[in-house]
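Residues 134 to 485 (the working numbering) make up the sequence shown, in order.
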Amino acid sequence: MTTNARGQQVPRGMPAWAWYASLSVGALIWFTLYEQLVPFSEWVTKLFPVERDSHAGEAIAFFVYDVPKVLMLLIAIVFVTGVLRSWFSPEKTRAILAGKRQVWGYPLAAALGVLTPFCSCSSVPLFIGFVSAGIPLGITFSFLIAGPMVGPVGLGLLYGLVGWKIATIYLVFGFSIATVAGFVLGKLNLERYLQDWVRELNTAPVGDVPDARLTFADRLKIGADQVREIVGKVWLWVVVGILIGALIHGYVPETLMLQIMGGEAWWSVPAAVGVGVPMYTNAAGVIPIVEALLGKGAALGTTLAFMMSVIALSLPEMIILKQVLTYRLIAIFIAVVSAGILATGFLFNMII
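What follows is the structure, encoded as structure tokens:
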């Protein structure tokens with residue numbers, strides 16, 4: 134910060150034109166690299182002395198693709214929310230979402246999640262951005278749950294697999310779980326269980342300058358500062374979480390899941406959730422497993438409960454969230470969402 138003639142502190146650094154030029158070049162580079170992630174991951178995988186379709190090949194390709202993808206999403210989303218935060222301080226955000234209007238925040242956040250084609254770990258950057266912007270925690274959880282659980286990719290694939298009626302019921306259940314779970318978590322006033330640095334970020338002022346005196350270049354600098362602060366704290370755990378997910382993706386045997394979910398015993402639904410939570414894949418990746426399970430005779434409710442747990446409660450996602458949430462809050466989150474998933478599985482098994 135530097136002081137102007139009136140004694141006010143303003144952001145210092147590059148001139149405005151340099152910020153605008155950097156933003157344009159950076160955005161062009163970002164989109165170019167993002168479009169090349171798939172061929173890049175395939176090229177890197179070929180450098181290893183393994184077959185592409187082997188367990189090791191699947192794990193390597195998954196890791197090489199997901200690490201840059203999630204980190205790039207994290208950087209972009211944190212930067213954008215940091216810029217927006219310069220207009221909407223935590224106090225303003227809470228005021229907008231307070232009172233009766235906050236009730237509509239849960240279904241709106243869930244609807245945004247439904248329209249967002251991200252897997253669980255890719256949804257975490259948006260979750261972090263929302264939390265750092267001061268949006269109520271329960272509303273951010275509604276988004277985090279709905280995003281991977283009932284995103285457009287999974288719904289489209291599920292529609293082709295089981296038809297529009299079951300896909301629609303799944304959409305209603307997933308949306309309801311996200312909305313109700315977010316509402317319940319919001320009513321528990323769990324903000325005290327956020328990590329200390331997140332609480333400090335929420336209470337810290339955006340800048341010492343009155344809002345009207347911040348230029349757009351100043352706001353870009355605030356966004357860049359948010360990237361350095363937030364991404365600098367969580368990037369390593371993003372990599373660790375995706376590494377674990379890649380190993381699970383490549384090596385977890387399908388036959389084990391078929392043995393657990395092949396029958397209709399009452400314990401098959403909780404067992405399916407227990408098997409699904411440690412796994413990690415996105416909706417597109419889990420649909421072939423769902424198809425194989427149904428083809429082998431697994432009950433529909435049990436299979437859908439497994440699908441929900443894989444994409445909404447994955448272990449790698451929890452590892453990344455640990456940098457934002459305390460263990461107690463993660464446990465509460467898992468318990469509330471698991472209860473909704475179990476209810477969905479049992480109900481589907483009863484009515485289908």
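We treat Cβ as the ideally placed atom computed from N, Cα and C, and that holds for glycine.
- If you draw a straight line from the Cα of Gly159 to the Cα of Phe263, it comes to about 23 Å.
- Residues Ala194, Val197, Tyr198 of the same chain have their beta carbon placed closer than 6 Å to that of Ser174, with the five preceding and five following residues left out of the count.
- Ranked by Cα distance from Arg346, the options Trp220, Val247, Ile210 are led by Trp220.
- In this structure, Ala300 sits away from Ile278, with a CB-CB distance that is not shorter than 9 Å.
- Secondary structure of Leu204 (DSSP, three-state): helix.
- When the beta-carbon positions are compared, Ser442 and Ala405 come within less than 9 Å of each other.
- Per DSSP, reduced to three states, the secondary structure at Leu327 is strand.
- If you look at Gly473, you'll find it in the alpha helix (DSSP H) that goes 460 to 484.
- Between Met440 and Gly407, the C-beta gap is not smaller than 9 Å, which leaves the two residues out of contact.
- Only residues of its own chain outside the window of five on either side were considered, and among them Ala243, Gly246, Ser275, Ile278, Ala279, Met282 have a CB closer than 7 Å to the CB of Ala311, listed in chain order.
- By the beta-carbon neighbour count (other beta carbons within 10 angstroms, threshold 16), Thr165 is exposed.
- Rounded to the nearest angstrom, the gap between the Cα atoms of Ser187 and Tyr460 is 35 Å.
- Taken in chain order, the complete alpha helix (DSSP H) segments of 4 or more residues contained in the region 148 to 221 are 149 to 168, 170 to 179, 188 to 218.
- For Trp152, the number of other beta carbons within 10 angstroms of its own is at least 16, and it is reported as buried.
- The region 202 to 215 and the region 358 to 373 touch, with three or more beta-carbon pairs separated by less than 8 Å.
- Annotated three-state conformation of Trp400 is coil, per DSSP.
- When secondary structure is reduced to three states using DSSP, Val295 falls in the helix class.
- The beta carbons of Leu446 and Phe481 sit no closer together than 9 Å.
- A Cβ-Cβ contact shorter than 9 Å links Phe316 with Gly271.
- Judged by beta-carbon spacing, Val371 lies beyond the 9 Å limit of Val177, meaning their Cβ atoms are not closer than that value.
- The C-alpha of Trp297 is placed about 16 Å away from the C-alpha of Leu427.
- The alpha carbon of Ala438 has as its nearest neighbour, out of Ile452, Gln169, Val423, Gly478, the alpha carbon of Gly478.
- An exposed status is given to Leu161, since fewer than 16 other beta-carbon atoms sit within 10 Å of its beta-carbon.
- Remark: C-beta atoms of Leu217 and Leu353 do not approach each other more closely than 9 Å.
- Excluding residues up to 5 positions away in sequence, Ile463 lie with their Cβ nearer than 7 Å to the Cβ of Met451 in the same chain.
- The C-beta distance from Ile261 to Val211 rounds to 7 Å, short enough to fall under 8 Å.
- When rounded, the separation of the alpha-carbon atoms in Val469 and Leu369 is 28 Å.
- The continuous alpha helix (DSSP H) containing Val247 extends over residues 238 to 247.
- A Cβ-Cβ separation of about 5 Å places Thr436 in contact with Val423 under the 8 Å criterion.
- Judged by DSSP secondary structure, Ile453 falls within the alpha helix (DSSP H) whose first and last residues are 448 to 454.
- The Cβ neighbour count for Ile484, taken over all protein chains shown within 10 Å, is under 16; the residue is labelled exposed.
- With respect to the 9 Å criterion, Val457 and Gln328 are classified as neighbours on the basis of their beta carbons.
- Straight-line spacing of the CA atoms in Ile444 and Met147 works out to 42 Å.
- As the crow flies, the alpha-carbon of Glu333 is around 42 Å from that of Ala189.
- Looking at the backbone, the Cα of Leu241 and that of Leu380 are separated by about 35 Å.
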